[in-house]
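These notes concern the structure reproduced below.
Numbering (the working numbering), first residue to last: 3 to 433.
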């Protein structure tokens, strides 16, 4: 008699174990839902007229023409492209393969172009692509630094809910120190120190005293918001000229490169804090995955008992990680007061630390992916500003909630499964 089979494969105790790969339909379903909502928008709110896209600035080497596209026709063509890519996703999933990354990227770009064409249709003003991208870079800087702070802290096994407090403490301290010394460099350094102190407080309570990490993070956020608001009203407002009027970093245009159309003004006409951002992303990635320090840090975040067995100081490693994480977060906080504007405002971070936390989860605790997620959220935030300029019919309230909707999609896992470090939120007691 022949041996019983399952799907054509013989079974029995002597058979070698087989690995069955299961690919979730989550991505395809999410793409289908977004496309359906997009098509519903075009059907229920059609717009007349053309959309004008401006790609150049007066200082570019050469001027690109203003592209005039038929609004609704462009929107529907983009919908057709997205539908074709949805079919690619469905076919890949049915074949037990992941949706190709390029397909998801082109899908998102197609719907974005179509949405912008629909929103700008009939407007007499040009939609500035340079302004859209440049504003996205500016708004994403605190998010990128904050997400890197979260990656470093949580890779060591400590939940870093306190990113918001690190950003806010950094912004406040940079404003005061920069105002007293008339030096943005001193403000930047002071912001890093202040945020590192917030990280130190987080470390003392969570590592040494083993207090619940989420509670400590929330308390730190509330505490820093209260302290900065109190000192803002009591000290900074009566002494604005001396204590809350900083000297900002100047923009440093890179010769030749800053005059390249589209990308030049966006990437090569920035301040030092923005130029340092990709450098810090690379250093964090290299440190985590290419150095002994990073190996030890990841070890205490995954299996602290095993790390301790081979001689790694678990508590000391976590302390150092939170101090470094705080300093990196402080750079993002300094951006508010020594780059963006020249003074501190009450609760000026406006929840950026929580979006940075979501960017970290979106990026699956990888510094490069987390930075890209921060750029995405910055773009979503700036989109509302650009659409309001061209007179988009989209309600401002909806655009204000757009970055938070993206955040919910990220945290809900619609971008793929995210596995946190195994020992995250687990206090360690040396035996």
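Note that CB positions come from ideal geometry on N, CA and C, so glycine has one too.
Between residue 100 and residue 231, the C-beta gap is not smaller than 8 Å, which leaves the two residues out of contact.
Looking only at 243, 135, 158, the smallest Cα-Cα distance to residue 345 is reached by 243. Rounded to the nearest angstrom, the gap between the Cα atoms of residue 288 and residue 323 is 15 Å. Residue 60 carries a coil assignment under DSSP once its states are collapsed to helix, strand and coil.
Here the C-alpha atom of residue 274 lies approximately 42 Å from the C-alpha atom of residue 41.
DSSP places residue 338 in the helix class (H, G or I) of the three-state scheme. If you draw a 10 Å sphere on the C-beta of residue 381, you find 16 or more other C-beta atoms in it, and that means buried. Counted as a single uninterrupted DSSP element, the beta strand (DSSP E) harbouring residue 70 occupies residues 69 to 72. For the pair residue 111 and residue 165, the Cα-to-Cα distance works out to about 30 Å. Spatial neighbours of residue 237 in its own chain (CB-CB distance under 8 Å, excluding positions within 5 residues in sequence) are listed in chain order as 245. When the five nearest sequence neighbours on each side are left out, the beta carbons in the same chain lying within less than 8 Å of the beta carbon of residue 353 are those of 166, in order along the chain.
As the crow flies, the alpha-carbon of residue 303 is around 27 Å from that of residue 278. For residue 426, the three-state secondary structure derived from DSSP is coil. Residues of the same chain with a CB within less than 7 Å of the CB of residue 384, apart from the 5 flanking positions on each side, are 134, 137, 138, 141 in chain order. Sixteen is the threshold: when 16 or more other Cβ atoms of the shown chains lie within 10 Å of the Cβ of residue 130, as they do, the residue is buried.
One thing to note: residue 365 has its Cβ no nearer than 8 Å to the Cβ of residue 193. In this structure, DSSP gives residue 52 an extended state, which the three-state scheme calls strand. Counting along the chain, the unbroken alpha helix (DSSP H) around residue 376 starts and ends at 369 to 391. If you draw a straight line from the Cα of residue 310 to the Cα of residue 158, it is about 13 Å long. According to the DSSP assignment, residue 180 belongs to the alpha helix (DSSP H) that extends over 165 to 183.
By alpha-carbon distance to residue 225, the top candidate from 171, 190, 160 is 171. DSSP, reduced to helix, strand and coil, places residue 310 within a helical segment of the structure shown. Annotation: the continuous alpha helix (DSSP H) that includes residue 28 extends over 28 to 46. Of the residues assessed, residue 91 falls on the buried side of the cut-off, its CB having 16 or more other CB atoms within 10 angstroms. Taking C-beta atoms as the reference points, residue 94 and residue 197 fail to come closer than 8 Å.
Rounded to the nearest angstrom, the gap between the Cα atoms of residue 291 and residue 312 is 19 Å.
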